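S.K.: Residue numbering for the sequence shown follows this note's numbering, starting at 700 and increasing by one per position.
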Amino acid sequence: MFRHILTQHIDRIRRVLHKAARQWLTLTDVKIPAPTDRVRWLYVVWTISIIYLAVVLVIHHLGADRDPLTLTHPEPQLRIHR
C-alpha cells in the first residue's frame, strides 16, 4: 500500500518535471542533437560499469564478515593474550 502511494507520487513528480523541462527547452529554443552511436555505446558501457560496481559493493558488504567460500559466519576464534 505504502509502496503504491510512493510510486504514484514519484510518477507525478517525474511527469511534472518532464513537462517543465520540455517547456523550458521550447522557450529557450535549445536544440538537443540526436545521440551518435559512439555516445550510445558510452552510455551502455557507463551503465554496465555502474551496475557492476553496485553489485560488487553489495556482495562485498554482505559477505564482509563471512567466509567467502561458504558464505557462513566463521567460528569465533579464542585468543589467549600473554
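The beta-carbon is built from N, C-alpha and C at its ideal position, and this holds for glycine as well.
For clarity, every value in this text was computed on a predicted model and none was experimentally measured.
(1) Start and end of the alpha helix (DSSP H) containing Lys-718?
(2) State the Cα-Cα distance for the pair Thr-725 and Ala-733, rounded to the nearest angstrom.
(3) In three-state DSSP terms, what is Thr-746?
M.R.: If we stick to the structure as given:
(1) Unbroken alpha helix (DSSP H) run through Lys-718: 701-727.
(2) In this structure, the straight-line span from the alpha carbon of Thr-725 to that of Ala-733 is close to 16 Å.
(3) Correct three-state label for Thr-746: helix.
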